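Everything in the sequence shown is counted per full-length UniProt numbering, starting at 1 for the first residue and increasing by one. Beta carbons are placed, not taken as given, at the ideal position from N, Cα and C, and that holds for glycine. Being a predicted model, the structure only gives us computed values, none of them experimental. What follows is one structure encoded as structure tokens, with my remarks underneath.
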Amino acid sequence: MSLYKLRTKPLHLATLEILQRRMTLSPKASNDYTRWLKGFEGEQRFDQFIEPIANESYLLHDLLLKKQNTTFQIDSLLITPEKIYLFEIKNYEGDFLYEDEKFYRLPNTEILNPLHQLQRAAALLGQLLKSHGHTIPIEGYVIFIHPHFHLYNAPLTPSIIFPTQIKPFLEQLKTASLLTSYHERLAQDLNDLHLNDSALNEIPSYTFDSLQKGMSCFQCFSFSVRLNGHRCLCENCGAYEAYRDALLRNVDEFKMLFPDEKIRTKLIYEWGGKLGSYKRIRTVLQKHFTKKRNNRWMYFE
Ligand SMILES: [Zn+2]
């Protein structure tokens, strides 16, 4: 199996993860964070099943595609010699009900029908591929990945794969046929068509001043971290981390939240809650970044 496109933590999720530690999220943003986190965990769990099993195939995770003006997302896509498999992964936990083509989280919250999402994605993918000259058959499945998921009154359709069915289902995707250069071109085309997701999702608004400052612990993420020689000691969980590592981790967070801002010693000093001297911070930055200067100040890249 060739893993053609890796799954990385979505930028939206990574940003929310830092923000929820440094500000109070609104209930809406907080739900958004939980939903993204659960979705990502479910996808990672599915990867553990599929990556060792799929042999003669190309696997692409997390594709964001566009056909005309409609964007659609594919959690995992497997190119095999005969066809393309498309997987919509749902990490729902608990009891659900299927009734009249509708899905409910019990007791009575209606949710989007994942079969409809899947059909929409499969149709759009088919049109997109056709417009690029590909006519390989597409087969889609909704994968319910959470071991504690139950669907009452489940429809008898091969398009839904329940937790207990995942392993045997994936086993039977193995094939004796071989991939050709055509399939590689197809994987390459899909990879090229992938869009970046940065503008699509709403991020809560924040400013440098509005966020909690300090060095967070790498283990429990508390800000109760104090300096102990060359190391940081977390007073909450007792974890130690080299000062340099803690600082660089916090610089990464800063860069993620303020991509247009220059890395200046003063800002990082403030950002890290003034933990460690100005001079010490500058030494670490000098060692790990390139020093630049504009006509007003020195910064690092
Ligand atoms: Zn800690």
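CB-CB length for N196 against K5, believed under 8 Å: No, N196 and K5 are not in contact; Cβ-Cβ is about 13 Å, not under 8 Å.
Nearest candidate by alpha-carbon position, reference I161, set Q20, I203, F49, F258: Cα-wise, what sits closest to I161 is F49.
Presumed contact (8 Å Cβ cut-off) between P81 and T175, rounded CB distance: Contact between P81 and T175 is confirmed by a C-beta separation of about 6 Å, below the 8 Å threshold.
Rounded distance between the beta-carbons of T15 and I203, thought under 8 Å: Yes, I203 and T15 are in contact; Cβ-Cβ is about 6 Å, under 8 Å.
Beta carbon of residue 307 nearer than 8 Å to that of V225: One cannot answer for residue 307 here, as it falls past the ends of the chain, which runs 1 to 301.
Environment of ligand 1 in chain order, Cβ to heavy atom below 6 Å: A distance filter of 6 Å between CB atoms and the heavy atoms of ligand 1 selects the following residues in sequence order: C217, Q219, C220, S222, C234, N236, C237, A239.
Continuous beta strand (DSSP E) stretch holding R293: start and end: From DSSP, the beta strand (DSSP E) with R293 extends over 291-293.
Helix, strand or coil at L118 [DSSP, three-state]: L118: helix per DSSP, three-state reduction.
When K266, E270, W271 are compared against W297, the one with the closest alpha-carbon: Comparing Cα positions, the closest option is K266.
Reduced DSSP category for Q286 - H, G, I as helix; E, B as strand; rest coil: Per DSSP, reduced to three states, the secondary structure at Q286 is helical.
Helix, strand or coil at D95 according to DSSP, with G and I counted as helix: Strand.
Inter-residue CB distance, E88 and P107 (contact presumed, cutoff 8 Å): Wrong, their Cβ atoms sit about 25 Å apart, outside the cutoff.
The alpha helix (DSSP H) enclosing K38, as first and last residue numbers: For K38, the enclosing alpha helix (DSSP H) has its first and last residue at 27-53.
L285 to T24 span [Cα, whole Å]: Here the C-alpha atom of L285 lies approximately 30 Å from the C-alpha atom of T24.
Straight-line Cα distance separating E270 from F208: Each residue's CA atom was taken as its position, placing F208 and E270 some 10 Å apart.
CA nearest to the CA of residue 322, picked from R21, H148, L173: There is simply no residue 322 to check, as the chain begins at 1 and stops at 301 in what is shown.
Unbroken beta strand (DSSP E) run spanning N105, endpoints: Sequence inspection shows Arg at residue 105; the Asn mentioned does not correspond to that position. Taken as a continuous stretch (DSSP letters only), the beta strand (DSSP E) holding R105 covers 102-105.
Backbone CA spacing between R264 and C217 [nearest angstrom]: About 22 Å.
Residues bridged to R226 [DSSP beta-bridge criterion]: For R226, which the question treats as bridged, DSSP gives the partners L233.
Run of the beta strand (DSSP E) containing E253, from where it starts to where it stops: Annotation: E253 is outside any beta strand (DSSP E); the continuous alpha helix (DSSP H) that includes it extends over 243-257.
Simplified DSSP assignment, three categories, for residue 302: Outside the shown range of the chain (1 to 301) lies residue 302, about which nothing can therefore be said.
Contact belief for L179 with E56 at Cβ below 8 Å, rounded distance in angstroms: E56 and L179 do touch by the CB rule: their CB atoms are close to 6 Å apart, below 8 Å.
Exposed unless 16 or more other CB atoms sit within 10 angstroms - verdict on K102: That one is exposed.
Alpha carbon of K279 to alpha carbon of I18, nearest angstrom: C-alpha separation (whole angstroms): 26 Å.
At least three beta-carbon pairs within less than 8 Å, the region 59-69 to the region 144-157: Because the criterion of three Cβ pairs below 8 Å is not met, the region 59-69 and the region 144-157 do not touch.
Test item: CB-CB of L64 and A121 under 8 Å: No. Outside cutoff.
DSSP three-state assignment for E17, whether helix, strand or coil: The three-state reading of DSSP puts E17 in helix, counting H, G and I together.
Alpha carbon of F149 to alpha carbon of R185, nearest angstrom: Near 38 Å, if we compare the C-alpha coordinates of R185 and F149.
Element boundaries [beta strand (DSSP E), containing S76]: It spans 70-79 - the beta strand (DSSP E) in which S76 sits, taken as one unbroken run.
Residue range of the unbroken beta strand (DSSP E) whose run includes L63: Annotation for L63: the continuous beta strand (DSSP E) segment containing it runs 58-67.
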